[in-house]
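Chemist: Under my numbering, read the first sequence as residues 10 to 500, first letter to last. This structure is in structure tokens; I'll ask about it shortly.
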Amino acid sequence: MNDVIPQRTRVAPSPTGDPHVGTAYQALFDVAYARQTGGQFVLRIEDTDQNRLVEGSEQQIYDSLAWLGLAPDESPQVGGDFAPYRQSERLDTYRPFVDQLIADGHAYYCWCSSERLKELRAAQEASKTPDTGYDRLCLGLTRDERAKLPGFSETPVVRMLVPDDVSLTFDDLIRGEVNAPRPDDQVILKADGFPTYHMAVVVDDHLMGITTVVRGEEWISSTPKHLLLYKWLGWSAPAFAHMPLLRNADHSKISKRKNPAARLMWFREQGYLPEALLNFLALLGYPPVHDDSEVETLTDFTATFDWTKVSTVGPVFDTGKLDWLNATYIRNLPDDELADRIIEFVYECVPSTAENHTQTQFETVLRAAIPIIRERITLLKDAAPMIDYLLVPAADLTIDDDARDALPENTPEIIAAATTALAALGDADWRADAIQATLRTSVVEGLALKPKVAFNPVRTAIAGRKVSPPLFESMEILGKGESLARLARLA
RNA sequence: GGCCUUGUCGUCCAACGGACAAGACAUCGGGUUUUCAACCCGGAAACCGGGGUUCAACUCCCCGCAAGGCUACCA
Numbered sequence: 010m011n012d013v014i015p016q017r018t019r020v021a022p023s024p025t026g027d028p029h030v031g032t033a034y035q036a037l038f039d040v041a042y043a044r045q046t047g048g049q050f051v052l053r054i055e056d057t058d059q060n061r062l063v064e065g066s067e068q069q070i071y072d073s074l075a076w077l078g079l080a081p082d083e084s085p086q087v088g089g090d091f092a093p094y095r096q097s098e099r100l101d102t103y104r105p106f107v108d109q110l111i112a113d114g115h116a117y118y119c120w121c122s123s124e125r126l127k128e129l130r131a132a133q134e135a136s137k138t139p140d141t142g143y144d145r146l147c148l149g150l151t152r153d154e155r156a157k158l159p160g161f162s163e164t165p166v167v168r169m170l171v172p173d174d175v176s177l178t179f180d181d182l183i184r185g186e187v188n189a190p191r192p193d194d195q196v197i198l199k200a201d202g203f204p205t206y207h208m209a210v211v212v213d214d215h216l217m218g219i220t221t222v223v224r225g226e227e228w229i230s231s232t233p234k235h236l237l238l239y240k241w242l243g244w245s246a247p248a249f250a251h252m253p254l255l256r257n258a259d260h261s262k263i264s265k266r267k268n269p270a271a272r273l274m275w276f277r278e279q280g281y282l283p284e285a286l287l288n289f290l291a292l293l294g295y296p297p298v299h300d301d302s303e304v305e306t307l308t309d310f311t312a313t314f315d316w317t318k319v320s321t322v323g324p325v326f327d328t329g330k331l332d333w334l335n336a337t338y339i340r341n342l343p344d345d346e347l348a349d350r351i352i353e354f355v356y357e358c359v360p361s362t363a364e365n366h367t368q369t370q371f372e373t374v375l376r377a378a379i380p381i382i383r384e385r386i387t388l389l390k391d392a393a394p395m396i397d398y399l400l401v402p403a404a405d406l407t408i409d410d411d412a413r414d415a416l417p418e419n420t421p422e423i424i425a426a427a428t429t430a431l432a433a434l435g436d437a438d439w440r441a442d443a444i445q446a447t448l449r450t451s452v453v454e455g456l457a458l459k460p461k462v463a464f465n466p467v468r469t470a471i472a473g474r475k476v477s478p479p480l481f482e483s484m485e486i487l488g489k490g491e492s493l494a495r496l497a498r499l500a
């Protein structure tokens, strides 16, 4: 551990919609490795596909990574020594390297129209020929020579000239030696002057000093292209770590269509805690840090991180354990902080809650109720609905039908006994323990009822439902007057 | 179709030639209890199939099968 080389890792999402959970997954491993080695974690925006850009999604990438505690050391937002970090601002950077490849005979212009390429592909599929890919019609031709042939397009692209002896093997930090398919004559510069991913990623990773590339398994097949570019440009390639792909329940690559959790923002909207999500992501494709518990911090994860422990099998992204983790983290939060988180969540994600109640009333009641709801909520969004009965005046409290139906015959008797006994309780004694003692004496013992039966009507009167947070504490929060008013409704 | 990657309980994940195949979540049963939770105890639940190699295979090899990825002027 003395000769550790600081690693520069990066995540390079495209701003083409809501940030993807896979970005956070890779960022977590990037951060762990970078921090463990004393290096940097870089965020680069890959916006080379101008057609797919979605406004606002770049900002969401910053926000969601920051929310998760995975803020990059360098990015378009915070800058850095290797700016710009947005590929659309680096067009001038790529061009000379493309020209160099052409001059060296490693790349060539191609004037084939997209129609011709489409036909070529269709023909290849129909003939079931094993070799697909570009047929090199344009190779060695000048613009004028090519213009005489069919399927000509005035604006050319530039393609790699993949040699027959291209190396198809490389070392992966997770998988060891990996074989990959033989590449096609891949386009590296598009007709619109933008580089493709393959060109841009190699140039940028090199120029930005990236030493370890963490990316999804789907990139294994294009790694030989990248290695070829590094070789031609005379650069040494970074180390690669191809992460397993997160899956939908049906085992296909995780998608926003099939899995709402594919959207990173979804977790915030649902009221997941970032530390719980981070913990969960660290458990996917990677064994728990501790033997006796799967609850672990980013610090734990970072300290013991090891690429060889990363699984090669794509895990199904099932939120079951995440829910449990979230509930666990909620239970472990101090009262004040849990209240703060719920309040922040509600104002940000459920504005209607704030509209229905005055801010101070909501916050006051919530803070008082934290002890009785904390172990009953899984998500932050569960909190407000759970205390709704504490926020309305007695007259406005709705009593659920199923609760009313479950009322015992002697409900009036129970309510009367409870009311009389509670009315005698002094304001200063209006505390949960005293309320409970009073009701036990007057109703349970006084009417010789089982507690379960005795408290049923009281709960329905107070909360309007069969299931609610603890009864006596609820009455304490409501206060004597309000509690008696509620009992009166069932008298 | 071709190439590549992968195959342990429902899900996550251990076991890296020598245990009755471990743990977690979920699930089921019980306890506790003013409801619901939380908490405690317990149960059920897996090595894709077939051949090898070996004294010994979940672990190594081969063949199947299955799943996934790539096969774009998308990343």
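Note that the Cβ used here is the ideal one computed from N, Cα and C, for glycine as well. In this text, all values refer to a predicted model and were calculated from it rather than measured experimentally.
Return helix, strand or coil for G180, following the three-state DSSP convention.
Modeler: As a first step, residue 180 must be located in the first sequence, where it is residue number 171. Per the sequence shown, the amino acid found at residue 180 is Asp instead of Gly. In this structure, D180 counts as strand in the three-state DSSP scheme.
Chemist: Mind pulling the beta strand (DSSP E) runs of 3 or more residues that sit fully within the region 204 to 275?
Modeler: 221 to 225 and 248 to 252
Chemist: Here's the rule: buried if 16 or more other CB atoms are within 10 angstroms of the residue's CB, otherwise exposed. What is Q86?
Modeler: The sequence position of residue 86 within the first sequence is 77, counting from 1. So Q86 counts as buried.
Chemist: What's the gap between the Cα of R155 and the Cα of L238?
Modeler: As a first step, residue 155 must be located in the first sequence, where it is residue number 146. As a first step, residue 238 must be located in the first sequence, where it is residue number 229. Spanning the two alpha carbons is a distance of roughly 26 Å.
Chemist: Taking P233 as the reference, give the member of L182, R266 and S176 with the closest Cα.
Modeler: Indexing the first sequence from 1 puts residue 233 at position 224. Nearest option by C-alpha distance: S176.
Chemist: Give the DSSP bridge partners of T18, in chain order.
Modeler: Taking the first residue of the first sequence as 1, we reach residue 18 at position 9. F50 and T221.
Chemist: Smallest Cα separation from E491: which of L399, N465 and Q68?
Modeler: As a first step, residue 491 is located in the first sequence; it is residue number 482 there, counting from the start. Across the set L399, N465 and Q68, the C-alpha of L399 shows the shortest separation from the C-alpha of E491.
Chemist: First and last residue of the alpha helix (DSSP H) that includes S492?
Modeler: The residue labelled residue 492 in the question sits at position 483 within the first sequence. Note, S492: alpha helix (DSSP H), K489 to R498.
Chemist: Using the Cβ count rule (16 or more neighbours within 10 Å means buried), how would you classify V212?
Modeler: Residue mapping note: residue 212 aligns to position 203 of the first sequence, counting from 1. With 16 or more Cβ atoms within 10 Å of its Cβ, V212 is classed as buried.
Chemist: Taking the alpha carbon of N419 as the reference point, which residue from Y338, V452, I183 and Y281 has its own alpha carbon closest?
Modeler: What you label residue 419 is simply residue 410 of the first sequence in a count that begins at 1. Cα-wise, what sits closest to N419 is V452.
Chemist: Which residues bound the beta strand (DSSP E) around A116?
Modeler: Numbered from its first residue, the first sequence carries residue 116 at position 107. Unbroken beta strand (DSSP E) run through A116: A116 to C121.
Chemist: Do the region 294 to 303 and the region 318 to 332 meet, that is, are 3 or more Cβ pairs less than 8 Å apart?
Modeler: Between the region 294 to 303 and the region 318 to 332, the count of Cβ pairs shorter than 8 Å is three or higher; the stretches touch.
Chemist: To the nearest angstrom, how far is it from the Cα of M10 to the Cα of G48?
Modeler: Indexing the first sequence from 1 puts residue 10 at position 1. Indexing the first sequence from 1 puts residue 48 at position 39. Because the pLDDT at M10 is just 46, under 50, the model does not fix this residue reliably, and the value given afterwards should be weighed accordingly. For M10 and G48, the distance between alpha carbons rounds to 14 Å.
Chemist: Considering only DSSP beta bridges, list what R168 is partnered with.
Modeler: Here residue 168 corresponds to residue number 159 of the first sequence, with the count starting at 1. Looking at the DSSP assignment, R168 forms a beta bridge with Y117 and V196.
Chemist: So is E485 buried or exposed if we call it buried at 16+ other beta carbons inside 10 Å?
Modeler: Residue mapping note: residue 485 aligns to position 476 of the first sequence, counting from 1. Answer is buried; the Cβ neighbour count reaches 16.
Chemist: So what does V187 bridge to, in DSSP terms?
Modeler: Here the question's residue 187 lines up with position 178 in the first sequence. Per DSSP, F179.
Chemist: Enumerate in chain order the residues of its own chain whose CB-to-CB distance from T205 is below 8 Å, with the five nearest sequence positions on each side excluded.
Modeler: One-based indexing of the first sequence puts residue 205 at position 196. Non-local C-beta neighbours of T205 in its own chain, meaning closer than 8 Å and more than five positions away in sequence, comprise T57, Q195, V196, I197, L198 and K199, ordered along the chain.
Chemist: Report yes if the CB atom of A135 is closer than 8 Å to the CB atom of L77, and no otherwise.
Modeler: In the first sequence, residue 135 corresponds to position 126, counting from 1. In the first sequence, residue 77 corresponds to position 68, counting from 1. Their beta carbons are not under 8 Å apart, which means A135 does not touch L77 by this criterion.
Chemist: Between Q370, D315, R104 and L347, which has its C-alpha nearest L242's C-alpha?
Modeler: Within the first sequence, numbered from 1, the residue matching residue 242 stands at position 233. Among Q370, D315, R104 and L347, the Cα nearest to that of L242 is on R104.
Chemist: Tell me, which residues are paired with V325 by DSSP?
Modeler: Sequence index remark: in the first sequence, residue 325 carries index 316 (1-based). The partner list for V325 (beta bridge, DSSP) reads R256.
Chemist: Report yes or no: do the region 333 to 349 and the region 371 to 385 share at least 3 C-beta pairs separated by less than 8 Å?
Modeler: The region 333 to 349, when compared against the region 371 to 385, does touch it at the 8 Å Cβ threshold.
Chemist: Taking only the alpha-carbon atoms, compute the straight-line gap between L217 and Y94 and give it to the nearest angstrom.
Modeler: Counting from 1 along the first sequence, the entry for residue 217 is found at position 208. Counting from 1 along the first sequence, the entry for residue 94 is found at position 85. For clarity, residue 217 is Met in the given sequence; the question names Leu instead. Distance between the alpha carbons of M217 and Y94: 9 Å.
Chemist: List the DSSP bridge partners of G88.
Modeler: Locating residue 88 in the first sequence gives position 79, where the first residue counts as 1. DSSP output for G88 lists S84 as bridge partner(s).
Chemist: Locate the alpha helix (DSSP H) running through S353, then write down its first and last residues.
Modeler: Counting from 1 along the first sequence, the entry for residue 353 is found at position 344. According to the sequence as given, residue 353 is Glu; it is not Ser. Start and end: D344 to C358.
Chemist: Assuming contact is defined by CB atoms lying nearer than 8 Å, are A246 and L236 in contact in what I supplied?
Modeler: The residue labelled residue 246 in the question sits at position 237 within the first sequence. The residue labelled residue 236 in the question sits at position 227 within the first sequence. Cβ distance < 8 Å, so A246 and L236 count as in contact.
Chemist: How would you write the range of the alpha helix (DSSP H) that I70 sits in, first residue to last?
Modeler: Counted from its first residue, the first sequence places residue 70 at position 61. Run containing I70: S66 to L77, per the alpha helix (DSSP H) assignment.
Chemist: What is the rounded straight-line gap between the Cα of Y281 and the Cα of A271?
Modeler: Position 272 of the first sequence holds residue 281. Position 262 of the first sequence holds residue 271. Computed Cα separation, rounded: 14 Å.
Chemist: Mind checking which residues open and close the alpha helix (DSSP H) that includes E422?
Modeler: The residue labelled residue 422 in the question sits at position 413 within the first sequence. T420 to A432 is the extent of the alpha helix (DSSP H) around E422.
Chemist: My guess is that A430 and T447 are in contact by the Cβ rule of under 8 Å, so how many angstroms apart are they, rounded?
Modeler: Sequence index remark: in the first sequence, residue 430 carries index 421 (1-based). Sequence index remark: in the first sequence, residue 447 carries index 438 (1-based). Approximately 5 Å separates the beta-carbon atoms of A430 and T447; this is inside 8 Å, confirming the contact.
Chemist: Name the DSSP bridge partner or partners of H29?
Modeler: What you label residue 29 is simply residue 20 of the first sequence in a count that begins at 1. Note: H29 sits in a beta bridge opposite R272.
Chemist: Where M169 and E64 are concerned, what is the direct C-alpha to C-alpha distance, given to the nearest angstrom?
Modeler: Within the first sequence, residue 169 is the residue found at index 160, counting from 1. Within the first sequence, residue 64 is the residue found at index 55, counting from 1. Computed Cα separation, rounded: 32 Å.
Chemist: Give me the Cβ distance between A41 and T311, rounded to the nearest whole Å; I'm assuming they're in contact under 8 Å.
Modeler: Taking the first residue of the first sequence as position 1, residue 41 is located at position 32. Taking the first residue of the first sequence as position 1, residue 311 is located at position 302. Yes, A41 and T311 are in contact; Cβ-Cβ is about 5 Å, under 8 Å.
Chemist: Return the CA-CA distance between D144 and L110, expressed in angstroms with no decimal places.
Modeler: Residue 144 sits at position 135 when you count from the first residue of the first sequence. Residue 110 sits at position 101 when you count from the first residue of the first sequence. Roughly 20 Å between the two C-alpha positions.
Chemist: Would you kindly report the start and end of the unbroken alpha helix (DSSP H) that includes R145?
Modeler: Sequence index remark: in the first sequence, residue 145 carries index 136 (1-based). From DSSP, R145 is part of no alpha helix (DSSP H); its letter is neither H nor E.
Chemist: How many angstroms separate the CA atom of V107 from the CA atom of A116?
Modeler: On the first sequence, position 98 is the one that residue 107 refers to. On the first sequence, position 107 is the one that residue 116 refers to. Whole-angstrom Cα-Cα distance: 8 Å.
Chemist: If you follow the alpha helix (DSSP H) that D411 is part of, which residue opens it and which one closes it?
Modeler: Locating residue 411 in the first sequence gives position 402, where the first residue counts as 1. Looking at the DSSP string, the run of the alpha helix (DSSP H) that includes D411 is D410 to D414.
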